[in-house]
Structure formats: C-alpha cells, structure tokens
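Engineer: Dropping the structure in here first, questions after.
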Amino acid sequence: MFEASDKPIALIDCNNFYVSCERLFDTSLHGIPVIILSNNDGCAVARSEEARALGIKMGAPAFKMRDFMERHGVKALSSNYTLYGDLSRRVVDVLHGYSPRLDPYSIDETFVDLSGFGDRMEAHAARMRQAVRTQVGIPTCVGIAPTKTLAKLANHAAKKNPIFGGVCNLMNPQVRDYVMDRIPIGEIWGVGPATEAKLIAQGVKTAAALRDLPMALSRKIGTVVLERLVAELRGIACIDFEDVPPQRKGMAVTRSSGTPMTTFDVLAQAVTAHATRAAEKLRQHGLVAGTLTVFFHTNPHKPDRPQHSASRSVRLRPMSNHTFDLVDAAVSAARRGWRGDPSGNGCGYTKAGVILDDLLPEADRPAMLFEPARPRDARLTDALDAINDRFGKKTMVLAREGFAGEWRLRADHRSPRYTTRISELPIVKL
DNA sequence: TCTGGGGTCCTAGGACCC
DNA sequence: TCTGGGGTCCTAGGACCC
Numbered sequence: 054m055f056e057a058s059d060k061p062i063a064l065i066d067c068n069n070f071y072v073s074c075e076r077l078f079d080t081s082l083h084g085i086p087v088i089i090l091s092n093n094d095g096c097a098v099a100r101s102e103e104a105r106a107l108g109i110k111m112g113a114p115a116f117k118m119r120d121f122m123e124r125h126g127v128k129a130l131s132s133n134y135t136l137y138g139d140l141s142r143r144v145v146d147v148l149h150g151y152s153p154r155l156d157p158y159s160i161d162e163t164f165v166d167l168s169g170f171g172d173r174m175e176a177h178a179a180r181m182r183q184a185v186r187t188q189v190g191i192p193t194c195v196g197i198a199p200t201k202t203l204a205k206l207a208n209h210a211a212k213k214n215p216i217f218g219g220v221c222n223l224m225n226p227q228v229r230d231y232v233m234d235r236i237p238i239g240e241i242w243g244v245g246p247a248t249e250a251k252l253i254a255q256g257v258k259t260a261a262a263l264r265d266l267p268m269a270l271s272r273k274i275g276t277v278v279l280e281r282l283v284a285e286l287r288g289i290a291c292i293d294f295e296d297v298p299p300q301r302k303g304m305a306v307t308r309s310s311g312t313p314m315t316t317f318d319v320l321a322q323a324v325t326a327h328a329t330r331a332a333e334k335l336r337q338h339g340l341v342a343g344t345l346t347v348f349f350h351t352n353p354h355k356p357d358r359p360q361h362s363a364s365r366s367v368r369l370r371p372m373s374n375h376t377f378d379l380v381d382a383a384v385s386a387a388r389r390g391w392r393g394d395p396s397g398n399g400c401g402y403t404k405a406g407v408i409l410d411d412l413l414p415e416a417d418r419p420a421m422l423f424e425p426a427r428p429r430d431a432r433l434t435d436a437l438d439a440i441n442d443r444f445g446k447k448t449m450v451l452a453r454e455g456f457a458g459e460w461r462l463r464a465d466h467r468s469p470r471y472t473t474r475i476s477e478l479p480i481v482k483l
C-alpha cells in the first residue's frame, strides 16, 4: 500500500539564523555569546553557540538573567525582523539556482528537491551551502533523506556532529540506522513535550525505537499525527513537498503591551493599530477576510492578580480588507468583550490581538445580494498604503489609534534595518 | 417493556512548529 | 517592573437536520 520513497529531499537550515544576520553587520559580535530577544525584549528567541554553551535556554525570560548575562558578557539584541526577512529572501534566491523545486518552510529553512542528481547529490548540496555562505554570508547545514521528517533528522545530525562536514546524507540505510539509534525522541520534528512523555512511559526513547513502534500502537498513543510520523521515519513520505505554497488559512497581528491596559480607550487604541496592520497585510497578499476575532487577556504569569481573558468574533460581510471595516469590527468586538468596573477601569490587559480567518483571494470575493449603499473606497486604502510605504510605517494612522502609544512595546536594543532603509544603511569608512 | 440513528457543521482547545 | 508572535493540524463535543 505504502512504498518507501527513494527521492532525496534536502533540508537546508541556517545556523543560529538571527544571530548570523546580526553578525553580518557587526563583527564585534563574533566569538562572543549573543542572544536575540523577542518582541517587547521579553525572552530569548535565538542564541549563538557561545550563549548555548553557557546554558541559556530558548524562551528564557530576559529579566531573570540580567545579572548572569552581565557576568558572562552576553550581548542581547532586540529582534529585527525586517532585516531577517530580507536576508531570508536572499538565501532562497540563491537556492533557486540549485534546484527547480523549493519548498521554503520557515524564515531559516527550505526543503530542496534533489531528485535527478544521483551520486552527485552530496557534492551538489555542499556547493549550494557554499553559495549561500559566499553570496549572502550566512552559514548553513544540510540534511538529505527520503522524507521530510528524516531530512530534519539528518539536518540535526549535520549540525551536532562535525564529522559530517555540514552535509549529512541519510539516503543510505546503514548510515540512517546508525544516526537514528543515537537521536533521542525529543529531538524529532513533531514530538513535543506531551508526546515525548507518553512515549518514554512506553519505553520508547530513540528515533530508531519510534520507527519500530507498531503503527496501531502509535495511533493509539498519538492519533493519526504520530502514526504518520512513524511512517515518515520508516521512509514512507506522508508530508507533501509543496513547491506551490497553499492558500493560507488565517492571519494574526498580536502584541504584548509595554504597560498594562486598564481603560477601554487604551485597549481600543491597541486593537485599532492591530486591525490596521492586519488590513495592510491582507492587501499586501491580495486577500479579503470573512471572519475577524479580537482577543485580550491579563498577564498569565501573575496568577495572584485578577485574571480575565476575552475573545469575540464577527463576520465581515461583505468580506473585506478595508482598514475602516476591520477597525470598526475590531473595536465593536472588543467593546463586547470588555469588562471593567463602573468607573471604567479594567483588569490591566497585557496582550491583545486581531485574528483574521476565512481568507480568500480578493478576485474570488463572493458578491453580496445587497451590497452596502456606500461601499468602502479602495482608493483611500491605496493612498494610505502608498504614503506609509514611501515615508515609513505609521506615517499616517487613524486618529483612533493615537500617537501616545501607551500600549506600545519596547525594543531598546534593535540593530539598524541595514538592507531595507536608506537612512539605516551601514557606513563604510576607508 | 420499549423513546433513533446517521450525517454535517461549527467551535474550543490541545499539540506542535519556528 | 519585566515571560514573543505567527502559524498549522487534529479531536471532541454540541447543535442541528432529516
């Protein structure tokens, strides 16, 4: 019924991507421990090898390790997604020269179809790696295997074990067995903490042991998801190679606020800003949305304080990507979820967001039997986008959003947007 | 005595990923 | 004082229908 695949898939993954991006423009960051902080400078989302060696964990809250970082000379930077996104695009541009079929998976990883290269696939992968290194400046590792899950595993091995020289090829069953015997299940793509605990309780500890788990048992432990994963480990491809990106299902703009939001007015400012940004993103992608959800909640890390969370959805009819439609819907949804004492003071919400669902290409938007008497004018959003594109984000905003930005986040240590802002270009001194 | 069964759709919540 | 943001997929359970 299912056949083991013999088509090689490569996964090329950038090493410590965010840190590597920063190091491209600031050589003083080489050889020292560096971490990149999440939005709001909250916790570590990327670490250099040196930071890893110090034991700094992914997701570690920054304020708890301030002393530790000072003692060990750890440099912390705010994240600069504009820069990372641009460099990511450049990496994919280079990869296009190495295979006709690419499946970009995340900001720092791309699956590459290597079928047709035969015995030369390893050498080809090494050249591809070198090209990214010299043309963009980012170090990478490559894993090759017959399924995506095994390619992830191969990539992991290439990163961990210098013996592979940056390219680990698991097309050979003997090499594959050797590696799988040594990889703990927690490192496998798709095995999170919950599944890991269940498997260990069953005595399953390595990738090889999971591969050999009977299918029926794997389904019992982790539904079809785990069953599929076991098949992938056996070399049976269950996760498609997607060289044309599928239609996206949803889109979200959510932010923590620098200070807790205690009045409806401030919450409405934040929600207005998020809905405005969500509308921009829709238009950039040429989409319209059919459902809008607003949520907000208090700080879950402070269980001793009063907690409240709310989520309200509205249908957008007609489906829309117009800033005014989305802001109207979002603010009225927020009002329905708002809970405050009689004087209007709320709980102190620390996070709010706008989520859009039922996305459709603008051209496929269904016509309404009764269109609104005065449809929103697209020329207005065109002008808005043109101005903000030319003069920078948030040059023009709705008054409702305000400029005070009591809810706005911190990013005290962000590096310049070297490659996407003329005013922030690096300066070369001769 | 005995009170249907099968199907669809929607939503909330869990798990996982980077 | 201070703990990210943006996604996907799956399941269970309720509402509803005939």
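If you're matching positions, the first sequence starts at 54 in the numbering used here and goes up one per residue. Where is the CB? At the ideal position from N, CA and C, for every residue including glycine.
1) Any idea if N222 is buried or exposed, counting beta-carbon neighbours within 10 angstroms, 16 or more meaning buried?
2) Buried or exposed, going by whether 16 or more other CB atoms sit within 10 Å of the CB of M224?
3) Taking just the CA atoms, how far does G138 sit from R461?
4) Buried or exposed for H37, going by 16 or more other Cβ atoms inside 10 Å?
5) Which two residues bound the contiguous alpha helix (DSSP H) that contains G492?
6) If you draw a straight line from the C-alpha of Q227 to the C-alpha of A57, how long is it?
7) Check whether the segment 298-310 and the segment 323-331 are in contact - that is, three or more C-beta pairs closer than 8 Å.
8) For M449, count the other beta carbons within 10 Å of its own beta carbon; 16 or more makes it buried, fewer makes it exposed. Which is it?
9) Any contact between the segment 332-341 and the segment 278-298? By contact I mean 3 or more CB pairs, one from each, below 8 Å.
10) Start and end of the alpha helix (DSSP H) containing L90?
11) On the DSSP bridge list, what partners appear for I289?
12) Return the residue from the list Q188, D161, G171 that minimises the CA-CA distance to V195.
13) Roughly how many angstroms separate the alpha carbons of K404 and S310, rounded to a whole number?
14) I'd like the span of the beta strand (DSSP E) that includes A431, first residue to last.
15) Does the beta-carbon distance from T193 to I65 come in below 9 Å?
16) Whose C-beta lies closer than 7 Å to the C-beta of A260 among residues of the same chain, with five residues either side of it excluded?
17) Assign K128 to one of two classes, buried (16 or more other C-beta atoms within 10 Å of its C-beta) or exposed (fewer than that).
18) Kindly list the residues whose CB is nearer than 8 Å to the CB of H125, restricted to its own chain and excluding five residues on each side of it in sequence; keep chain order.
19) Buried or exposed: I216, going by 16 or more other Cβ atoms within 10 Å of its Cβ?
20) Is the segment 348-361 close to the segment 416-423, with three or more CB pairs under 8 Å?
21) Please state whether DSSP places K128 in a helix, a strand or coil.
22) Exposed or buried, I475, counting other C-beta atoms within 10 Å across all chains shown (16 or more means buried)?
23) Please determine, among P61, I191, E249, the residue with the shortest C-alpha to C-alpha distance to E175.
24) To the nearest angstrom, report how far apart E123 and A436 are at their CA atoms.
25) To the nearest whole angstrom, what separates the beta carbons of M314 and Y402, a pair I think is in contact under 8 Å?
26) Give me, in chain order, the residues of the same chain whose beta-carbon lies closer than 8 Å to that of N549; leave out the 5 immediate sequence neighbours on both sides.
27) To the nearest angstrom, how far is it from the Cα of D438 to the Cα of F170?
28) Counting Cβ pairs closer than 8 Å, one from the segment 357-365 and one from the segment 375-395, do we hit at least three?
29) Following the continuous alpha helix (DSSP H) through M181, name the residue where it begins and the one where it ends.
30) Could you pull out every unbroken alpha helix (DSSP H) segment of at least 4 residues lying fully inside the segment 352-418, listed in chain order?
31) I'd like the span of the beta strand (DSSP E) that includes V257, first residue to last.
32) Beta strand (DSSP E) containing P313: first to last residue?
33) Pick from R358, D265, G455, I274: whose alpha carbon is nearest that of A25?
34) Is the distance from the Cβ of V407 to the Cβ of T344 below 9 Å?
35) Under the DSSP definition of a beta bridge, which residues are partnered with V220?
36) Compare the C-alpha of A63 against each of V145, A178, Y71 and name the closest.
Structural biologist: From the atom records:
1) The residue labelled residue 222 in the question sits at position 169 within the first sequence. Taking all protein chains in view, the Cβ of N222 is crowded by 16 or more other Cβ atoms within 10 Å, so the residue is classified as buried.
2) As a working note, residue 224 is residue 171 in the first sequence. Classification for M224: buried.
3) The residue labelled residue 461 in the question sits at position 408 within the first sequence. The residue labelled residue 138 in the question sits at position 85 within the first sequence. In a straight line, the C-alpha of R461 is about 22 Å away from that of G138.
4) Examination of residue 37 is not possible in this model, given that the chain is present from 54 through 483 alone.
5) Residue 492 is absent from the model: the chain starts at 54 and stops at 483.
6) Your numbering for residue 227 matches position 174 in the first sequence. Your numbering for residue 57 matches position 4 in the first sequence. Straight across, the Cα-Cα distance linking Q227 with A57 is about 15 Å.
7) Using a C-beta cut-off of 8 Å, the segment 298-310 makes contact with the segment 323-331, since at least three inter-stretch Cβ pairs fall below that distance.
8) Sequence index remark: in the first sequence, residue 449 carries index 396 (1-based). Of the other Cβ atoms in all chains shown, fewer than 16 fall within 10 Å of the Cβ of M449; this residue is therefore exposed.
9) When Cβ pairs closer than 8 Å are counted between the two stretches, the segment 332-341 is seen not to touch the segment 278-298, the count staying below three.
10) Position 37 of the first sequence, counted from the first residue, corresponds to residue 90. Segment 87-90 is the beta strand (DSSP E) holding L90; no alpha helix (DSSP H) there.
11) Here the question's residue 289 lines up with position 236 in the first sequence. DSSP lists no partner for I289.
12) For the purposes of this step, residue 195 is taken as residue 142 along the first sequence, with counting starting at 1. The candidate whose alpha carbon is nearest that of V195 is D161.
13) Residue 404 sits at position 351 when you count from the first residue of the first sequence. Residue 310 sits at position 257 when you count from the first residue of the first sequence. C-alpha separation (whole angstroms): 6 Å.
14) By one-based count along the first sequence, residue 431 stands at place 378. From DSSP, A431 is part of no beta strand (DSSP E) but of the alpha helix (DSSP H) over 431-444.
15) The residue you call residue 193 lines up with position 140 of the first sequence. The residue you call residue 65 lines up with position 12 of the first sequence. Their beta carbons are under 9 Å apart, which means T193 touches I65 by this criterion.
16) One-based indexing of the first sequence puts residue 260 at position 207. Excluding sequence neighbours, A260 sits near L206, M233, I236, I238, I241, L286.
17) Your numbering for residue 128 matches position 75 in the first sequence. With 16 or more other Cβ atoms from the protein chains shown falling within 10 Å of its own Cβ, K128 counts as buried.
18) The residue labelled residue 125 in the question sits at position 72 within the first sequence. Leaving aside the five residues that flank H125 on each side, the residues in its chain whose CB is nearer than 8 Å to its CB run, in chain order, P86, L107.
19) As a first step, residue 216 must be located in the first sequence, where it is residue number 163. The C-beta of I216 has fewer than 16 other C-beta atoms within 10 Å across all chains shown, which makes the residue exposed.
20) Contact fails: fewer than three Cβ-Cβ distances are below 8 Å.
21) Taking the first residue of the first sequence as position 1, residue 128 is located at position 75. The three-state reading of DSSP puts K128 in strand, counting E and B together.
22) For the purposes of this step, residue 475 is taken as the residue at position 422 of the first sequence. It is exposed - the Cβ of I475 has fewer than 16 other Cβ atoms within 10 Å.
23) Taking the first residue of the first sequence as 1, we reach residue 175 at position 122. Nearest in C-alpha terms to E175, of all of P61, I191, E249, is P61.
24) As a working mapping, residue 123 is identified with position 70 in the first sequence. As a working mapping, residue 436 is identified with position 383 in the first sequence. Their Cα atoms are separated by approximately 47 Å.
25) Residue mapping note: residue 314 aligns to position 261 of the first sequence, counting from 1. Residue mapping note: residue 402 aligns to position 349 of the first sequence, counting from 1. About 5 Å separates the CB atoms of M314 and Y402; that is less than 8 Å, so the two are in contact.
26) Since the displayed the chain opens at 54 and closes at 483, residue 549 lies outside it and no answer follows.
27) Residue 438 sits at position 385 when you count from the first residue of the first sequence. Residue 170 sits at position 117 when you count from the first residue of the first sequence. Straight-line Cα distance between these residues: approximately 45 Å.
28) A contact exists between the segment 357-365 and the segment 375-395.
29) On the first sequence, position 128 is the one that residue 181 refers to. Element bounds for M181: 174-188.
30) Runs found: 376-390.
31) For the purposes of this step, residue 257 is taken as residue 204 along the first sequence, with counting starting at 1. Segment: none, V257 is in no beta strand (DSSP E) and carries neither H nor E.
32) The residue you call residue 313 lines up with position 260 of the first sequence. Boundaries of the beta strand (DSSP E) around P313: 303-316.
33) As shown, the chain starts at 54 and ends at 483. That puts residue 25 outside it, with no answer to give.
34) If you number the first sequence from 1, residue 407 lands on position 354. If you number the first sequence from 1, residue 344 lands on position 291. Contact: no.
35) Residue numbering aside, residue 220 sits at position 167 when the first sequence is read from its first letter. DSSP lists V195 as the beta-bridge partner residues of V220.
36) Indexing the first sequence from 1 puts residue 63 at position 10. Ranking V145, A178, Y71 by CA distance to the CA of A63 puts A178 first.
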